[in-house]
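**Q** Here the sequence shown stands for residues 15 to 129, where the numbers follow the working numbering. All residues carry an ideal CB built from backbone N, CA and C; glycine is no exception. None of these values were measured; they are calculated from a predicted model. Here's a structure for you.
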Amino acid sequence: MLYYVTTGIALQPPCLFVIQPGGEVIAAEGDSLTLNCTFETTFTPHLFWYRREKNGNINYILRRHSYGKDDNAPEFQKDRFDAELKDKSVPLKIQKLHVSDSAVYYSCWTLRMRG
Numbered sequence: 015m016l017y018y019v020t021t022g023i024a025l026q027p028p029c030l031f032v033i034q035p036g037g038e039v040i041a042a043e044g045d046s047l048t049l050n051c052t053f054e055t056t057f058t059p060h061l062f063w064y065r066r067e068k069n070g071n072i073n074y075i076l077r078r079h080s081y082g083k084d085d086n087a088p089e090f091q092k093d094r095f096d097a098e099l100k101d102k103s104v105p106l107k108i109q110k111l112h113v114s115d116s117a118v119y120y121s122c123w124t125l126r127m128r129g
């Protein structure tokens with residue numbers, strides 16, 4: 015079994031608060047699951063998903079924006095980790111679950127990219 019824990023938390027600036035249901039999501043290896051994230055803003059934000067590993071490291075998964083500025087980190091390929099920005103939500107879909115996917119997942123948003 016795999017355990018996914020999500021919580022509504024902002025990571026650090028420039029990430030702003032989002033709404034995520036708290037608690038654990040339990041799924042079997044090989045299954046798919048969706049982690050929900052909603053936000054309230056009148057702006058068009060960049061949405062991000064991250065995950066915190068058991069060792070405490072926080073890894074960037076992906077970014078979505080309504081203007082098509084989407085990307086995934088190389089180790090989180092789009093065929094397994096994907097999200098679609100819809101209205102006021104950006105749910106993360108993880109397919110073909112691996113035991114190594116067990117982690118704490120966070121979403122956040124910002125108004126513009128740095129760099």
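Suppose you measure from the CA of Arg128 to the CA of His60; what does that come to, to the nearest Å?
**A** Stepping through the sequence shown from its first residue, residue 128 is reached at position 114. Stepping through the sequence shown from its first residue, residue 60 is reached at position 46. The predicted model places Arg128 with a pLDDT of 47, which falls under 50 and marks its position as unreliable, so this point remains unresolved.
**Q** Alpha carbons only, please: which of Val39, Glu38 and Thr48 is nearest the one belonging to Leu106?
**A** Reading the sequence shown from its first residue, position 92 is the one you call residue 106. Selected option, being the one with the closest Cα: Thr48.
**Q** Could you give the uninterrupted runs of the beta strand (DSSP E) lying entirely in the region 38-104, keeping only those of 3 residues or more?
**A** As far as the region 38-104 is concerned, its whole beta strand (DSSP E) runs of at least 3 residues are 47-49, 60-66, 72-79 and 95-97.
**Q** Taking only the alpha-carbon atoms, compute the straight-line gap between Val104 and Ile40 and give it to the nearest angstrom.
**A** Along the sequence shown, read from residue 1 onward, the residue named residue 104 stands at position 90. Along the sequence shown, read from residue 1 onward, the residue named residue 40 stands at position 26. Going from the Cα of Val104 to the Cα of Ile40 covers about 20 Å.
**Q** With a cut-off of 8 Å on the beta carbons, I'd call Ala97 and Trp123 a contact; round off their distance for me.
**A** Taking the first residue of the sequence shown as 1, we reach residue 97 at position 83. Taking the first residue of the sequence shown as 1, we reach residue 123 at position 109. Incorrect: roughly 12 Å between the Cβ atoms, too far for contact.
**Q** Nearest to Lys110 by CA position, among Lys68, Asp101, Asp93 and Lys102, is which residue?
**A** Here residue 110 corresponds to residue number 96 of the sequence shown, with the count starting at 1. The shortest Cα separation from Lys110 among Lys68, Asp101, Asp93 and Lys102 belongs to Asp93.
**Q** Give the DSSP bridge partners of Ser121, in chain order.
**A** Here residue 121 corresponds to residue number 107 of the sequence shown, with the count starting at 1. Its beta-bridge partners are Trp63.
**Q** What's the C-alpha gap between His112 and Gly82?
**A** As a first step, residue 112 is located in the sequence shown; it is residue number 98 there, counting from the start. As a first step, residue 82 is located in the sequence shown; it is residue number 68 there, counting from the start. Each residue's alpha carbon lies about 28 Å from the other.
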